[in-house]
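2 protein chains.
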Amino acid sequence: MQVYVNPRINEDIYLKDPIQSDLGKKIIFSSVNLVNTLGFDKFNFKKLGAEIKSTEASIYRYFPNKERLLIYLSAWYWETKNYLIVSKTNSITDPREKLTKAIKALVNVTEEMQSQNILELHQLQAIVTQEFYKITRTKRCSSHNESGYFESFKRLCTSISDIIKEIDPDFKYPITMATSLIEMSISNNFCSSNLPSLTEIQCGEDKRKQIEDMMTYFCERLLVRCKK
Amino acid sequence: MQVYVNPRINEDIYLKDPIQSDLGKKIIFSSVNLVNTLGFDKFNFKKLGAEIKSTEASIYRYFPNKERLLIYLSAWYWETKNYLIVSKTNSITDPREKLTKAIKALVNVTEEMQSQNILELHQLQAIVTQEFYKITRTKRCSSHNESGYFESFKRLCTSISDIIKEIDPDFKYPITMATSLIEMSISNNFCSSNLPSLTEIQCGEDKRKQIEDMMTYFCERLLVRCKK
DNA sequence: AAATATATGATAGTATTACTATCATTGTCA
DNA sequence: TGACAATGATAGTAATACTATCATATATTT
Numbered sequence: 088m089q090v091y092v093n094p095r096i097n098e099d100i101y102l103k104d105p106i107q108s109d110l111g112k113k114i115i116f117s118s119v120n121l122v123n124t125l126g127f128d129k130f131n132f133k134k135l136g137a138e139i140k141s142t143e144a145s146i147y148r149y150f151p152n153k154e155r156l157l158i159y160l161s162a163w164y165w166e167t168k169n170y171l172i173v174s175k176t177n178s179i180t181d182p183r184e185k186l187t188k189a190i191k192a193l194v195n196v197t198e199e200m201q202s203q204n205i206l207e208l209h210q211l212q213a214i215v216t217q218e219f220y221k222i223t224r225t226k227r228c229s230s231h232n233e234s235g236y237f238e239s240f241k242r243l244c245t246s247i248s249d250i251i252k253e254i255d256p257d258f259k260y261p262i263t264m265a266t267s268l269i270e271m272s273i274s275n276n277f278c279s280s281n282l283p284s285l286t287e288i289q290c291g292e293d294k295r296k297q298i299e300d301m302m303t304y305f306c307e308r309l310l311v312r313c314k315k
Numbered sequence: 088m089q090v091y092v093n094p095r096i097n098e099d100i101y102l103k104d105p106i107q108s109d110l111g112k113k114i115i116f117s118s119v120n121l122v123n124t125l126g127f128d129k130f131n132f133k134k135l136g137a138e139i140k141s142t143e144a145s146i147y148r149y150f151p152n153k154e155r156l157l158i159y160l161s162a163w164y165w166e167t168k169n170y171l172i173v174s175k176t177n178s179i180t181d182p183r184e185k186l187t188k189a190i191k192a193l194v195n196v197t198e199e200m201q202s203q204n205i206l207e208l209h210q211l212q213a214i215v216t217q218e219f220y221k222i223t224r225t226k227r228c229s230s231h232n233e234s235g236y237f238e239s240f241k242r243l244c245t246s247i248s249d250i251i252k253e254i255d256p257d258f259k260y261p262i263t264m265a266t267s268l269i270e271m272s273i274s275n276n277f278c279s280s281n282l283p284s285l286t287e288i289q290c291g292e293d294k295r296k297q298i299e300d301m302m303t304y305f306c307e308r309l310l311v312r313c314k315k
């Protein structure tokens, strides 16, 4: 029997909880595919309705607009990553090892992760890589933040910055560094495919391994102080 | 007499060079204001036409769509920053001092910079901060890159990564670090205003100074190796 | 079993957007 | 004088992002 760990998503994000109904599940499940194929800009509820043999109006009963659906999918992704990082690191005592594990969990998508999740994590990662800035860099961002739409992402930042603080309590910018690390993982994933001259990461089989190594390299330099 | 240094912009970005005509200059000049007030999403050529007492159709003769106008404005900004960084650092021999100057030039907008530029640099910085990802994180990004639309940004990355290489020729990821530094400057500027829990930078008078200090702090840790 | 509520479907309609197309007017330069 | 380039004026179109209404099927309560 399969046990799924559905992440807890802030209920202000949706109008009606999609995981509580067949139609709702179809909506989030299919949107992951469709956003990936079309790109978020060309994606809309009419097309999604056609895809799942339902209607535009029915989807609007779950999400007030497509932006909120994207916010929902992103929250799902970050919440999943955070859950993973917390559960993979809380039994470890050495904070440096914690950070290594956290980076691994952040960058990779394993069979084990996927088996616990009803949404396709590779596709979800591709969406976040391509589209996450479309929800965070807007004029509405401040008010969305106040509504708690970015809680999952912020929790993840906090988890990572906590580890950073454990390693080097004197480090002046743990939160910025955590945010920056997450952004690096997204950015380099994107750039290696689309703007290759902006990163040393090469597209290919071991891309995630390369990103993992790179992030570890940065962390070592930023946090491992020489004994004076 | 005022001497303006107009950055050289890849001519494939526009249909007709805006700095060669009165209307063209009005278009780029006013768009900086209007994009800032409305945000790029609600900005359009009809509204811009009304603003400059011209028409939608006339503006479409300069730019094929509003995205390309944003690409143009971004290129202008990055080209300006790169020109500044190059001219401020080429007489310096100590590469560490070079990097400090480069960071300063990247983060700040001074009277001196502004006096040489016909576009309002503070507003341009605000636009890049808010909207830059809307042109780089798209499905069209790869093909835009092949058309050379991001040359200015890439030149800036190269300038900075060259300095990094001078400081530490063994550093494994100079390009990634350069890209990441620029992204940090944008991100922290944005987050301090809109997502304050994601950064240590506080909004206020000395915000740019804080960002400058933070970036220098990161660079010191990443590049200054302890002698073994 | 009847009454009621809830979820979904079917359909229509609207304001806005992002253009494209056409033709008229004005100024400029040879 | 004539030709051409730049701009303006106006109209039109397909797609988008919704909103509204009504019908129907199914589940729940009494």
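Line order of the protein sequences matches chains A and B.
When we follow this note's numbering, the leftmost residue of the first sequence carries the number 88, and every step to the right adds one.
When we follow this note's numbering, the leftmost residue of the second sequence carries the number 88, and every step to the right adds one.
Note that the Cβ used here is the ideal one computed from N, Cα and C, for glycine as well.
In this text, all values refer to a predicted model and were calculated from it rather than measured experimentally.
key: 7 Å Cβ cut-off: residues of chain B touching Ser35/A   = Residue coverage of chain A in this structure runs from 88 to 315, which leaves residue 35/A outside it and unanswerable.
key: Inter-residue Cα distance where the pair is Thr263/A and Thr286/B   = Walking along the first sequence from the start, residue 263/A turns up at place 176. Walking along the second sequence from the start, residue 286/B turns up at place 199. Roughly 5 Å separates the two Cα atoms.
ask   = Name the residues in the stretch 247-271 of chain B whose C-beta lies less than 9 Å from a C-beta of chain A; which are they?
value = Of all residues in the stretch 247-271 of chain B, Phe258, Lys259, Tyr260, Pro261, Ile262, Thr263, Met264, Ala265, Thr266, Ser267, Glu270, Met271 have a Cβ within less than 9 Å of some Cβ in chain A.
query = Ser239/A: which of Leu310/A, Ile100/A, Tyr91/A sits nearest, CA to CA?
reply = Working through the first sequence from its first residue, we reach residue 239/A at position 152. Checking every option, the nearest Cα to that of Ser239/A belongs to Ile100/A.
query = In angstroms, rounded to a whole number, what distance separates the CA positions of Tyr91/B and Ile205/B?
reply = As a first step, residue 91/B is located in the second sequence; it is residue number 4 there, counting from the start. As a first step, residue 205/B is located in the second sequence; it is residue number 118 there, counting from the start. Approximately 7 Å between the Cα atoms of the pair.
Under 8 Å by beta carbon: chain A residues contacting Gly126/B = Residue mapping note: residue 126/B aligns to position 39 of the second sequence, counting from 1. By Cβ distance, chain A contributes Thr225, Lys226.
ask   = Which full runs of the alpha helix (DSSP H) of 4+ residues lie inside the stretch 179-245 of chain B, going along the chain?
value = 182-194, 198-202, 208-223, 228-233
request  = Leaving aside the five residues before and after Asp293/A along the sequence, list all residues of the same chain whose C-beta is less than 7 Å from its C-beta, in chain order.
outcome  = Position 206 of the first sequence holds residue 293/A. Nothing meets the Cβ criterion.
ask   = How close, in whole Å, do the beta carbons of Leu102/A and Tyr149/A come, if the pair is a contact with beta carbons under 8 Å?
value = Counting from one through the first sequence, the residue named residue 102/A turns up at place 15. Counting from one through the first sequence, the residue named residue 149/A turns up at place 62. Going by Cβ atoms, the distance from Leu102/A to Tyr149/A rounds to 6 Å, so yes, they are a contact pair.
request  = Could you tell me if Ser202/A is buried or exposed, where buried requires 16 or more neighbouring beta carbons within 10 angstroms of its beta carbon?
outcome  = Walking along the first sequence from the start, residue 202/A turns up at place 115. With fewer than 16 other Cβ atoms within 10 Å, it is exposed.
query = Would you say Cys290/A faces chain B, with C-beta separation under 8 Å as the test?
reply = One-based indexing of the first sequence puts residue 290/A at position 203. Judged by the 8 Å Cβ criterion, Cys290/A is not in contact with chain B.
message = Let's see if you can read the secondary structure: which residues bound the alpha helix (DSSP H) around Glu98/B?
response = Taking the first residue of the second sequence as 1, we reach residue 98/B at position 11. No alpha helix (DSSP H) holds Glu98/B; DSSP gives it neither H nor E.
request  = Have a look at Ile106/A, Thr225/A, Asp249/A and flag the residue whose alpha-carbon is nearest the alpha-carbon of Arg183/A.
outcome  = Counted from its first residue, the first sequence places residue 183/A at position 96. When only C-alpha atoms are compared, the closest one is Asp249/A.
query = What are the boundary residues of the alpha helix (DSSP H) that Thr142/A is part of?
reply = For the purposes of this step, residue 142/A is identified with residue 55 of the first sequence, where counting begins at 1. Thr142/A -> no alpha helix (DSSP H), and no H or E assigned at all.
inquiry  = DSSP three-state label for Gln89/A, please.
reply    = As a position in the first sequence, residue 89/A is number 2, starting the count at 1. Coil, per DSSP.
request  = Return yes when at least one heavy atom of the ligand ZN lies under 7 Å from the C-beta of Ile179/A, else no.
outcome  = Absence of the ligand ZN from the depicted structure is noted, as is the absence of any ligand whatsoever, leaving it without description.
ask   = Alpha carbon to alpha carbon, what distance is there between Ile254/A and Lys314/A?
value = Within the first sequence, residue 314/A is the residue found at index 227, counting from 1. Within the first sequence, residue 254/A is the residue found at index 167, counting from 1. Confidence is the limiting factor: at Lys314/A the pLDDT is only 46, short of 50, which leaves the residue's position unreliable and the question unanswerable from this model.
ask   = Could you give the distance in angstroms between the alpha-carbon of Leu243/A and the alpha-carbon of Trp163/A?
value = As a first step, residue 243/A is located in the first sequence; it is residue number 156 there, counting from the start. As a first step, residue 163/A is located in the first sequence; it is residue number 76 there, counting from the start. Cα to Cα, the separation comes out at about 12 Å.
request  = Write down the C-beta distance between Phe237/A and Leu282/B rounded to the nearest angstrom, noting that I regard them as a contact closer than 8 Å.
outcome  = Position 150 of the first sequence, counted from the start, is the residue given in the question as residue 237/A. Position 195 of the second sequence, counted from the start, is the residue given in the question as residue 282/B. Right, their Cβ atoms sit about 7 Å apart.
message = List, from N- to C-terminal side, the alpha helix (DSSP H) runs of 4 residues or more that fit wholly inside the stretch 258-304 of chain A.
response = Counting only runs of 4 or more residues that sit fully inside the stretch 258-304 of chain A, the alpha helix (DSSP H) segments are 261-281, in chain order.
query = For Lys168/B, which option in Lys296/B, Ile190/B, Phe116/B has the closest C-alpha, if you only look at C-alpha atoms?
reply = By 1-based counting over the second sequence, the position of residue 168/B is 81. Considering only alpha carbons, the answer is Ile190/B.
ask   = Can you list, in chain order, the residues of its chain whose CB lies under 8 Å from that of Val173/A, leaving out five sequence neighbours each side?
value = Working through the first sequence from its first residue, we reach residue 173/A at position 86. Excluding residues within five positions, the ones whose Cβ falls inside 8 Å are Ser246.
query = What does Gln217/A touch in chain B if you count any residue whose Cβ is under 7 Å from its own?
reply = What you label residue 217/A is simply residue 130 of the first sequence in a count that begins at 1. Ordered by position in chain B, the residues that pass the 7 Å Cβ test against Gln217/A are Arg224.
task = Determine, using beta-carbon pairs with one atom in the stretch 151-163 of chain A and one in the stretch 124-143 of chain A, whether at least three such pairs fall under 8 Å.
result = yes
query = Can you list the residues of chain B that Arg308/A reaches, using a CB-CB cut of under 7 Å?
reply = For the purposes of this step, residue 308/A is taken as residue 221 along the first sequence, with counting starting at 1. Result: Arg308, Leu309.
ask   = Mind pulling the beta strand (DSSP E) runs of 3 or more residues that sit fully within the stretch 116-161 of chain B?
value = none
task = Find the residues of chain A that neighbour Met301/B, judging by a C-beta separation of less than 7 Å, and give them in chain order.
result = Here residue 301/B refers to the residue found at position 214 of the second sequence. Chain A residues near Met301/B: Tyr260, Thr263.
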